[in-house]
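**Q** Chains as they are written, first to last, in numbering that gives the first Met the number 0: chain A, 0 to 157; chain B, 0 to 157.
2 protein chains.
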Amino acid sequence: MALGANRRPDGDDLEIIEPLCAVFRRRLKSEGAKYTPERAEVLDAIVRIEGIFEAEDLLERLQAEGRRVSKATVYRTLKIMQDAGIVQRVLSVGDQARYQLAYGRAGTDQLVRLDGGRVESIEPPGLKALCEQVCAQRGVKYQGHRLQVFATAPERGG
Amino acid sequence: MALGANRRPDGDDLEIIEPLCAVFRRRLKSEGAKYTPERAEVLDAIVRIEGIFEAEDLLERLQAEGRRVSKATVYRTLKIMQDAGIVQRVLSVGDQARYQLAYGRAGTDQLVRLDGGRVESIEPPGLKALCEQVCAQRGVKYQGHRLQVFATAPERGG
DNA sequence: CTTGGTGCAAACATTTTGCAGCACA
DNA sequence: TGTGCTGCAAAATGTTTGCACCAAG
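1. Using only CA atoms, which one of A:Ala-128, A:Leu-126, A:Leu-42 and A:Pro-123 lies nearest to Leu-77 (chain A)?
2. In the DSSP assignment, what residue or residues form a beta bridge with Lys-140 (chain B)?
3. In whole angstroms, give me the CA-to-CA distance for Glu-154 (chain B) and Arg-38 (chain B).
4. Which residues in the same chain as Gln-95 (chain B) place their Cβ atom closer than 6 Å to its Cβ, once the five residues preceding and following it in sequence are excluded?
5. Give the C-beta separation of Val-133 (chain B) and Val-148 (chain A) to the nearest angstrom, bearing in mind that I take them to be a contact with Cβ-Cβ under 8 Å.
6. In the DSSP assignment, what residue or residues form a beta bridge with Val-118 (chain B)?
7. So, with DSSP's three-state summary, where would you put Tyr-173 (chain A)?
8. Quick one: Cα of Ala-152 (chain A) to Cα of Val-139 (chain B), how far?
9. The beta strand (DSSP E) that contains Ile-51 (chain B), what's its start and end?
10. Classify Glu-40 (chain B) as buried or exposed, calling it buried when 16 or more other Cβ atoms lie within 10 Å of its own Cβ.
11. Anyone know if the C-beta pair for Arg-60 (chain A) and Ala-44 (chain A) falls short of 8 Å?
12. Would you verify that the beta carbon of Tyr-141 (chain A) is, or is not, closer than 8 Å to some beta carbon of chain B?
13. Taking all protein chains shown into account, do 16 or more other C-beta atoms lie within 10 angstroms of the C-beta of Arg-97 (chain B), making it buried, or fewer, making it exposed?
14. With respect to the beta strand (DSSP E) encompassing Val-89 (chain A), which residues constitute its N-terminal and C-terminal limits?
15. Since Leu-57 (chain B) sits in a beta bridge, which residues does DSSP pair it with?
16. Can a CB atom of chain A be found closer than 8 Å to the CB of Thr-35 (chain B)?
17. What in chain A is Cβ-close to Ile-121 (chain B), meaning under 7 Å?
18. Give me, in chain order, the residues of the same chain whose beta-carbon lies closer than 8 Å to that of Glu-131 (chain B); leave out the 5 immediate sequence neighbours on both sides.
19. Between which two residues does the alpha helix (DSSP H) containing Gln-81 (chain A) stretch?
20. Using a C-beta to C-beta distance shorter than 8 Å, which residues of chain A count as neighbours of Ala-152 (chain B)?
21. Could you check which residue in B:Gly-84, B:Met-80, B:Leu-110 and B:Arg-137 has the C-alpha nearest to that of Val-145 (chain B)?
22. Assign Asn-5 (chain A) to one of two classes, buried (16 or more other C-beta atoms within 10 Å of its C-beta) or exposed (fewer than that).
23. Give me the DSSP bridge partner(s) of Ile-97 (chain A).
24. Run through DSSP, which three-state label would Leu-146 (chain B) get?
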């Protein structure tokens, strides 16, 4: 289901879809851009992925679902969404660009399960202060930070 | 100056070059690989860069200095060094893979200048402990972490 | 000598871009 | 109705690989 049309109030993602969609439309309008079905599809897919994804994940997912969205459009939309603050590039462990939903969800800090790929938000106490301190020491202005903590399931027989 | 030959005890990088070179040679030998002049050049360039670099930085630098090392060799050497733990990939802000010396130096945490793109390594005190604590609380095994702190030049008139 | 390494250029994978027709505002 | 958007495929990166000759051990 695309975002703009036929939205029903019973989806469990709606709490996030609704405002996100609005943010996106507002942003698009503010720069004279259009809210097209393709862009809605992309946003919808991103929301449903619920985690970190690559451009190709989106493309595969959309095509597997029979959506008619081209590679070029996925990349173009992703770029717009980055500028709009809807998605953000996250730290990549490997080669490709990876993104995550940046709106409505979470802080910027994550616990990444290396076994399975699940990602959850964390809020380590005092982290922001620590980062601000680093900046203060170097005489630069703190603008933000992002932390990934990597973990695996605890050992059983070890 | 390549690493293996003509080393003199007055260089200020030697304290790091020496053991690194040894580590590299040992590693190469352990897998039946050879210690070639090209590999020495690459290692030398990496040490002299003293920070985060991309493959192309190495290539440019080497070629600007008249070293005869090809792109392919730079990439191949970089891969070997990664496996050997001599360099590590670090978080990329843009598109390309970035590396830094992983031996004797620095961790994975960075201060990213949003104005200009400079990246430098930082070591916020207690960060690792904080991350380990997060893992402990969730009952997972800490495997590592990565932090990026974003900053801009301090305001002057604001 | 043998085995692995090098440079080159072609192959690759990912992301970007030019163009002609199409659809949103 | 006009401007921007789409898909396609070609171009543009950044990285890897095949091959013939060369060098380290």
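Glycine included, every Cβ here is placed at the ideal spot set by N, Cα and C. Only a predicted model underlies this, so the values are computations on that prediction, with no experimental measurement involved.
**A** So, from the data block:
1. Stepping through the first sequence from its first residue, residue 77 (chain A) is reached at position 78. Distance check between Leu-77 (chain A) and each of A:Ala-128, A:Leu-126, A:Leu-42 and A:Pro-123 places A:Leu-42 closest, using alpha-carbon atoms only.
2. Here residue 140 (chain B) refers to the residue found at position 141 when the second sequence is read from its first residue. Bridge partners of Lys-140 (chain B): A:Thr-151.
3. Numbered from its first residue, the second sequence carries residue 154 (chain B) at position 155. Numbered from its first residue, the second sequence carries residue 38 (chain B) at position 39. Distance from the CA atom of Glu-154 (chain B) to the CA atom of Arg-38 (chain B), rounded to whole angstroms, is 44 Å.
4. Reading the second sequence from its first residue, position 96 is the one you call residue 95 (chain B). Its chain contains Glu-53 as the residues whose beta carbon lies nearer than 6 Å to that of Gln-95 (chain B), once the 5 sequence neighbours on both sides are disregarded; these appear in chain order.
5. For the purposes of this step, residue 133 (chain B) is taken as the residue at position 134 of the second sequence. For the purposes of this step, residue 148 (chain A) is taken as the residue at position 149 of the first sequence. That belief holds up - the Cβ atoms of Val-133 (chain B) and Val-148 (chain A) are roughly 6 Å apart, short of 8 Å.
6. Residue 118 (chain B) sits at position 119 when you count from the first residue of the second sequence. The partner list for Val-118 (chain B) (beta bridge, DSSP) reads B:Val-111.
7. With chain A represented from 0 up to 157, any question about residue 173 (chain A) goes unanswered, as that position is not in the structure.
8. Numbered from 1 along the first sequence, position 153 holds the residue referred to as residue 152 (chain A). Numbered from 1 along the second sequence, position 140 holds the residue referred to as residue 139 (chain B). Computed Cα separation, rounded: 5 Å.
9. Position 52 of the second sequence, counted from the start, is the residue given in the question as residue 51 (chain B). Ile-51 (chain B) -> beta strand (DSSP E) spans 51-53.
10. The residue given as residue 40 (chain B) occupies position 41 in the second sequence. Glu-40 (chain B) should be labelled buried.
11. On the first sequence, residue 60 (chain A) is found 61 positions in, with the first residue counted as 1. On the first sequence, residue 44 (chain A) is found 45 positions in, with the first residue counted as 1. A contact, by the Cβ cut-off of 8 Å.
12. The residue you call residue 141 (chain A) lines up with position 142 of the first sequence. Taking Cβ atoms only, chain B reaches closer than 8 Å to Tyr-141 (chain A), which makes this a yes.
13. Locating residue 97 (chain B) in the second sequence gives position 98, counting from the first residue. Its Cβ being crowded by 16 or more others within 10 Å, Arg-97 (chain B) is buried.
14. Start at 1 with the first residue of the first sequence, and residue 89 (chain A) comes out as number 90. DSSP places Val-89 (chain A) in the uninterrupted beta strand (DSSP E) bounded by 86-89.
15. Indexing the second sequence from 1 puts residue 57 (chain B) at position 58. Per DSSP, none; premise fails for Leu-57 (chain B).
16. As a position in the second sequence, residue 35 (chain B) is number 36, starting the count at 1. Not closer than 8 Å to any Cβ of chain A, the Cβ of Thr-35 (chain B) fails to qualify, so no.
17. Indexing the second sequence from 1 puts residue 121 (chain B) at position 122. Chain A residues near Ile-121 (chain B): Val-133.
18. Walking along the second sequence from the start, residue 131 (chain B) turns up at place 132. Cβ neighbours of Glu-131 (chain B) beyond the five flanking positions: Tyr-141.
19. Here residue 81 (chain A) corresponds to residue number 82 of the first sequence, with the count starting at 1. From DSSP, the alpha helix (DSSP H) with Gln-81 (chain A) extends over 70-83.
20. As a position in the second sequence, residue 152 (chain B) is number 153, starting the count at 1. Within 8 Å of the CB of Ala-152 (chain B), the CB atoms of chain A belong to Val-139 and Lys-140, in sequence order along the chain.
21. Counted from its first residue, the second sequence places residue 145 (chain B) at position 146. One point to set straight first is that residue 145 (chain B) is Arg, not Val, in the sequence displayed. Restricting attention to B:Gly-84, B:Met-80, B:Leu-110 and B:Arg-137, the CA atom closest to the CA of Arg-145 (chain B) is found in B:Leu-110.
22. The residue labelled residue 5 (chain A) in the question sits at position 6 within the first sequence. Residue placement at Asn-5 (chain A) cannot be trusted, given a pLDDT of 35 that sits under 50; the coordinates are not used to answer.
23. Indexing the first sequence from 1 puts residue 97 (chain A) at position 98. Note on residue identity: the sequence assigns Arg, not Ile, to residue 97 (chain A). Looking at the DSSP assignment, Arg-97 (chain A) forms a beta bridge with A:Glu-53 and A:Val-89.
24. Along the second sequence, read from residue 1 onward, the residue named residue 146 (chain B) stands at position 147. In this structure, Leu-146 (chain B) counts as strand in the three-state DSSP scheme.
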